[in-house]
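Residue 43 in this note's numbering sits at position 34 of the sequence shown, with consecutive numbering throughout. In what follows, a single structure is set out as structure tokens and then discussed.
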Amino acid sequence: MVGVVASPRKGMNTDTFVTKVLEGAQSMGATVEKIYLNDLEIKPCQACSKSPAPAFCFYNDGMEKIYKALETADVMVIGTPAYYYSISAQLKLVIDRSNCLVEMVKLPDGKVEFRHRIAKKKKGIFIWVSDFSRNMDLALGMISLWFKDANIELTEVFAVTDADRGEGAKNRVELLHKAFELGASFARVSENQNGSV
Ligand SMILES: Cc1cc2nc3c(=O)[nH]c(=O)nc-3n(C[C@H](O)[C@H](O)[C@H](O)COP(=O)(O)O)c2cc1C
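This is the structure:
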């Protein structure tokens with residue numbers, strides 16, 4: 010299971026919830042990894058309109074870590090704070106740089122088909138952390154499009170609202186427990202299916 014933290018704030022709300030899910034999976038024996046997007050140098054997509062195949066992009070930078078995770082993980086946990094009702098810029102960079110994960114193939118009958126260049130199918134948990142916002146439509150729209158290209162099935166959506174109220178989301182015991190259980194349940198399912206997460 011690979012967790013991706015798209016908030017620049019280590020140890021804060023998004024990080025805490027991604028970590029809880031990973032801890033749940035780990036408690037069931039799963040191998041877990043956490044990636045902080047803010048630590049990676051990722052160049053924005055340059056819209057070069059050329060196929061980088063066999064690579065996923067002409068640029069060799071922090072995205073290599075993400076491409077590798079997409080090729081190997083069974084479960085991706087993507088956590089982002091709500092920025093302008095949507096997602097953080099760190100995550101948007103990753104999404105734009107996924108543009109070449111799908112290729113257009115011309116079929117003998119002249120029709121066109123889009124194919125995944127990453128064959129590995131993954132399950133996806135999307136964690137969205139907001140303060141006052143309730144409407145996830147913008148974030149979910151974007152995540153759904155990205156998951157499709159990255160060959161991730163959107164399996165679970167975990168929303169944390171009112172994140173900055175009271176003592177903050179990282180002290181919400183019930184929600185944290187739910188996140189832990191979520192991670193554990195994904196590890197259980199994967200274990201039954203193929204023994205790894
Ligand atoms: C640039 C920016 C934009 C934000 N936009 C929203 C928003 O549209 N809706 C909302 O509820 N909170 C918004 N917030 C608040 C964050 O979503 C909130 O503080 C969240 O808990 C941050 O997560 P973190 O602790 O993991 O960094 C925004 C914060 C920043 C810095």
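For glycine and all other residues, C-beta sits at the position ideal for the given N, C-alpha and C.
Cβ-based burial, residue i [other Cβ within 10 Å; buried from 16]
i, result
"Gln99", "buried"
"Arg181", "buried"
"Lys29", "buried"
"Leu154", "exposed"
"Phe189", "buried"
"Leu185", "buried"
"Pro117", "exposed"
"Pro90", "buried"
"Thr207", "As shown, the chain starts at 10 and ends at 206. That puts residue 207 outside it, with no answer to give."
"Val14", "buried"
"Asn64", "It should be pointed out that residue 64 corresponds to Ala in this sequence rather than to Asn. Per the 10 Å Cβ criterion, exposed."
"Met83", "It should be noted that the sequence gives Asp, not Met, for residue 83. By the 10 Å Cβ count, Asp83 comes out buried."
Beta-carbon separation (whole angstroms), residue i vs residue j, contact threshold 8 Å
i, j, result
"Asp105", "Cys66", "Wrong, their Cβ atoms sit about 10 Å apart, outside the cutoff."
"Val169", "Asn22", "7 Å"
"Asn160", "Lys129", "6 Å"
"Lys43", "Gly12", "5 Å"
"Lys74", "Leu49", "6 Å"
Three-state secondary structure assigned by DSSP to residue i
i, result
"Ile87", "strand"
"Gly204", "Low confidence applies here, because Gly204 scores a pLDDT of 48, under 50, leaving its location unreliable; read the following figure in that light. Coil."
"Tyr45", "strand"
"Phe141", "coil"
"Glu50", "coil"
"Ala172", "coil"
"Gly192", "helix"
"Phe156", "helix"
Near ligand 1, which residues have their beta-carbon less than 7 Å from any of its heavy atoms, given in chain order? Ser16, Pro17, Arg18, Met21, Asn22, Thr23, Asp24, Pro90, Ala91, Tyr92, Tyr93, Tyr94, Val138, Ser139, Asp140, Phe141, Ser142, Ala172, Asp173, Ala178
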